[in-house]
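Here's the structure we're looking at; comments come further down.
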Amino acid sequence: SNSGTYTATIGNATSIVNNYSMSFDGVTDYVEINTPTHGPTTNNDFTTSFWVKPTSNNGYYGLTSQYHNFNNSNSNYYITQENNQYKVTGNGIDVLYFGQPQINVWQYISVVFYSTGQVETYINGIQTGSSTLTLSNNVSDKPLEIGRLVSGGSGSTIQPFSGNIDNVETWNIALTQQEIQQYMNCTPTGNEAGLVGYWNFEEGS
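Sequential numbering of the sequence shown, starting at 3, is according to the numbering used here.
Quick look at the structure:
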């Protein structure tokens, strides 16, 4: 964990300072959550949001992902920073580039997946993209990766992230833009309907 620098509120409108976030060195650091987090599939809606502060835009970095298979393109989602672009994809072929990383600046990334295959992206609560992506319907039990991209194919390619990530949320519903803006400014308390995973990394070092 490392220091964070932004202020948010919690459900009772109390102002809090996010003192900690996960710091990734771009070499070996990552977080793997083995408990299934109900990822997006062709059978359900899904939303994920997180704060990110990149320290480099010269490379290909995994931000969050849930299973990626290079061999047969049968993947769940993965969100990456590709040089000067954020990208979300499911099968690696249908790709949505949705904005520019701001180096050493916190940005709030949100991606809404619909069971129809429609995907919407947001940066700091503002919609930046919309497209149709192909997702798998049978890999929602795979680990959630934070700070890297792991291939399910041979070689297990790993793309570590360089920077900080904080307040990772996963929802089994499609959040509206208004709700995304609400949780950007007022962090979840943990008992919201549809919230299936929330990691605020406030435990300290």
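Where a beta carbon is used, it is the ideal one built from N, C-alpha and C, also for glycine.
Looking only at its own chain, which residues have a Cβ that is under 6 Å from the Cβ of residue i, when we skip the five neighbours before and after it?
i, result
"TYR124", "SER112 and ILE182"
Just to confirm, are residue i and residue j a CB contact at a threshold of 9 Å?
i, j, result
"PHE26", "ASN169", "no"
"GLY165", "THR130", "no"
"THR136", "ILE95", "yes"
"TYR88", "TYR99", "yes"
"GLU204", "TYR32", "no"
"TYR63", "THR82", "yes"
Going along the chain, which residues of its own chain have a beta-carbon closer than 8 Å to the beta-carbon of residue i, five neighbours each way excluded?
i, result
"ASP212", "The structure shown does not extend to residue 212, since the chain spans only 3 to 207, so no value can be given for it."
Find the nearest neighbour of residue i within the set the options, judged by alpha-carbon distance.
i, options, result
"ASN86", "SER58, ASP96, THR66 and THR134", "SER58"
"GLU84", "GLY196, VAL121, ARG150 and TRP201", "ARG150"
"LEU35", "SER67, GLY61, GLN102 and TYR88", "Just to set this straight, residue 35 is Ile in the shown sequence, not Leu. The option with the nearest alpha carbon to ILE35 is SER67."
"ASN126", "ASN60, TYR22, GLU205 and TYR185", "TYR185"
"ILE122", "ASN202, GLN179, ALA195 and ASN60", "Per the sequence presented here, residue 122 reads as Glu, with Ile not at that position. The option with the nearest alpha carbon to GLU122 is GLN179."
"ASN93", "TYR62, ASN78 and LEU197", "ASN78"
"LYS144", "MET24, TRP201, SER23 and THR37", "THR37"
What does residue i pair with, by DSSP beta-bridge criteria?
i, result
"LEU98", "VAL90"
"TRP173", "THR49 and LEU197"
"ILE105", "Paired residues: none, contrary to the question."
"GLN83", "TYR63 and TYR88"
"PHE115", "PHE48 and VAL121"
Go through its chain and collect everything with a Cβ distance to residue i's Cβ below 7 Å, but skip five positions before and after it.
i, result
"VAL29", "PRO162"
"ASN106", "LYS55 and THR57"
Taking only three categories from DSSP, how would you classify residue i?
i, result
"ASN187", "helix"
"ILE182", "helix"
"GLY6", "At GLY6 the pLDDT is 48, less than 50, meaning the model places this residue with poor confidence; the figure from the coordinates comes in the next sentence. Note: GLY6 maps to coil in three-state DSSP."
"GLY149", "coil"
"GLN161", "coil"
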